[in-house]
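Enquirer: Take the position in the sequence shown, starting the count at 1, then add 985; the result is the number in our numbering. Ideal Cβ positions, reconstructed from N, Cα and C, are used throughout, including at glycine. Got a structure for you, written out below as structure tokens; questions coming shortly.
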Amino acid sequence: MDVTPQGTPYDGETTAAGRRMLTLARFPSYPAAQHLIDQLSDAGFPVERTRIVGNGVRSVETVTGRMTKGKAAVYGAGTGAWIGLFIALLFAIFTIGPVWWGVLLTTVLIGAVFGAIAGFVGHWATGGRRDFSSVTALEAAEYEVQVDADLYGEAQRITGQSVR
């Protein structure tokens, strides 16, 4: 397990409910911290009295590709079609018989057309200042698994984490 053992338990954290939390372990990745919580859960530990705290949080924007007016129109059409489908489902409550299929097709097509126009115009309005698409996520430099102070010893016993 890629864990950094603690010299002494960190007891500087108190939750909003006034519970004192001790750091059981630190990890460089979130999945590793999740694994430790899963290990505690499998042993019957009350995991509702633990938490994973990300330290050194930063925003990371991953560029996924070039954005053109055509791509913006296609993405807008897809979004508009979904909105049209939602509206069609609302109309379905009041529509009886096979007429519903016509309502469905019409609202999806109208939504796609308006979405395509909105996507094209929205991208065109930027004037080329943002010709790329991206996804933004939050990442942390490290993740601490913290446990209620009164359950710290039991958590250590279950996970084999020793204080050095």
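Step through the CB atoms of chain B and report whether any lies within less than 8 Å of the CB of residue 1006.
Expert: The question asks about chain B, but that chain is absent: this structure has only one protein chain.
Enquirer: Would you mind reading off the limits of the beta strand (DSSP E) that contains residue 1039?
Expert: Taken as a continuous stretch (DSSP letters only), the beta strand (DSSP E) holding residue 1039 covers 1035 to 1040.
Enquirer: Does the Cβ of residue 1028 have 16 or more other Cβ atoms within 10 Å, making it buried, or fewer, making it exposed?
Expert: By the 10 Å Cβ count, residue 1028 comes out exposed.
Enquirer: Could you compute how far the alpha carbon of residue 1097 sits from the alpha carbon of residue 1050?
Expert: One C-alpha to the other measures close to 23 Å.
Enquirer: When the Cα atoms are used, what is the spatial distance from residue 1019 to residue 1047?
Expert: Answer to the nearest angstrom: the Cα atoms are 24 Å apart.
Enquirer: Report the rounded CA-to-CA distance for residue 1131 versus residue 1123, giving the unit in angstroms.
Expert: Approximately 20 Å, taken between the alpha carbons.
Enquirer: Buried or exposed: where does residue 1105 fall if 16 or more other Cβ atoms within 10 Å of its Cβ makes it buried?
Expert: Residue 1105 is buried by the Cβ-count criterion.
Enquirer: By a C-beta neighbour count over all protein chains shown, 10 Å radius and 16 as the cutoff for buried, is residue 1025 buried or exposed?
Expert: By the 10 Å Cβ count, residue 1025 comes out buried.
Enquirer: Quick one: what does DSSP say residue 1133 is sitting in, helix, strand or coil?
Expert: Strand, per DSSP.
Enquirer: Do residue 1069 and residue 1092 come within 8 Å of each other at the CB atom, strictly closer than that value?
Expert: Yes, the Cβ-Cβ distance between residue 1092 and residue 1069 is below 8 Å.
Enquirer: For residue 1075, count neighbouring C-beta atoms within 10 Å of its own C-beta (all shown protein chains included) and say buried if the count is 16 or more, exposed if not.
Expert: Under this definition residue 1075 is an exposed residue.
Enquirer: CA-CA distance, residue 1088 and residue 1073?
Expert: Using only the alpha carbons, I get a separation of about 6 Å.
Enquirer: Exposed or buried, residue 1142, counting other C-beta atoms within 10 Å across all chains shown (16 or more means buried)?
Expert: Per the 10 Å Cβ criterion, exposed.
Enquirer: Roughly how many angstroms separate the alpha carbons of residue 1022 and residue 1004, rounded to a whole number?
Expert: Their backbone Cα atoms lie some 19 Å apart in a straight line.
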